[in-house]
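Student: Questions regarding the structure given below will be posed in turn.
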Amino acid sequence: MERNGVEIHEKFMQAALQQAREALVAGDFPVGCVIEHGGQIIASGRRSNSFGRVNEMDHAEITALRELLAADTRIALDKVTVYSTMEPCLMCFSTLLVNGLRRFVYSYEDVMGGGTNLPLPLLSPLYCELQPTIVGSVLREKSLALFKSFFSSPECQYLKNTMLATYTLQQV
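With the sequence shown counted from 1, adding 720 to any position gets you the numbering used here.
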């Protein structure tokens, strides 16, 4: 990718990282997301409800998508880009696809539940012809630092001792 494209991805990933930092400060899993169109952030979200009574619907990507759809803009959703500090999970990835989004940039890989490796051509007609654009590892080290901070906290109960937590804490 040309240098300009890398700079653009890094610019918007910085904004997603800010959302993730806010989630971490609130005690939540540090996933942040922004949705970009035409060089502007048009929606954002951060993970919430990942402690206490855990709600697995309040993922950053779903929150950002809800904000985007509530704005009732006339933007062609296949022309927006989703920036997330963690690879979208299967739920988020498929929800975004069904809603017409096709461009995804993430920072840190979700080795336990990442959905971007979904074999779309093998799935039902709703998915089989989709050809999303996916870019990973943008500002990975910055996201990794947030996830390490989260998983190494004594207060951390969410996903504690899972494959993702172990993998993250072993990264150098």
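For glycine and all other residues, C-beta sits at the position ideal for the given N, C-alpha and C.
#1: Exposed or buried, ASP748, counting other C-beta atoms within 10 Å across all chains shown (16 or more means buried)?
#2: Distance check for GLN891 and HIS779, CA to CA, integer angstroms please.
#3: Name the DSSP bridge partner or partners of GLU756?
#4: Rounded to a whole number of angstroms, what is the C-alpha to C-alpha distance between LEU838 and CYS809?
#5: Just to confirm, are TYR878 and PHE771 a CB contact at a threshold of 8 Å?
#6: Quick one, are the C-beta atoms of ALA743 and ARG773 less than 8 Å apart?
#7: Does DSSP put ILE795 in a helix, a strand or coil?
Tutor: So, to answer that:
#1: Residue 748 sits at position 28 when you count from the first residue of the sequence shown. Its Cβ being crowded by 16 or more others within 10 Å, ASP748 is buried.
#2: For the purposes of this step, residue 779 is taken as the residue at position 59 of the sequence shown. For the purposes of this step, residue 891 is taken as the residue at position 171 of the sequence shown. Here the C-alpha atom of HIS779 lies approximately 24 Å from the C-alpha atom of GLN891.
#3: Here residue 756 is taken as the residue at index 36 of the sequence shown, counted from 1. Its beta-bridge partners are ILE761, THR801.
#4: On the sequence shown, residue 838 is found 118 positions in, with the first residue counted as 1. On the sequence shown, residue 809 is found 89 positions in, with the first residue counted as 1. Going from the Cα of LEU838 to the Cα of CYS809 covers about 10 Å.
#5: Mapped onto the sequence shown, residue 878 falls at position 158. Mapped onto the sequence shown, residue 771 falls at position 51. One thing to note: TYR878 has its Cβ within 8 Å of the Cβ of PHE771.
#6: Here residue 743 is taken as the residue at index 23 of the sequence shown, counted from 1. Here residue 773 is taken as the residue at index 53 of the sequence shown, counted from 1. Contact flag unset, no.
#7: Working through the sequence shown from its first residue, we reach residue 795 at position 75. Three-state DSSP puts ILE795 in coil, outside helix and strand.
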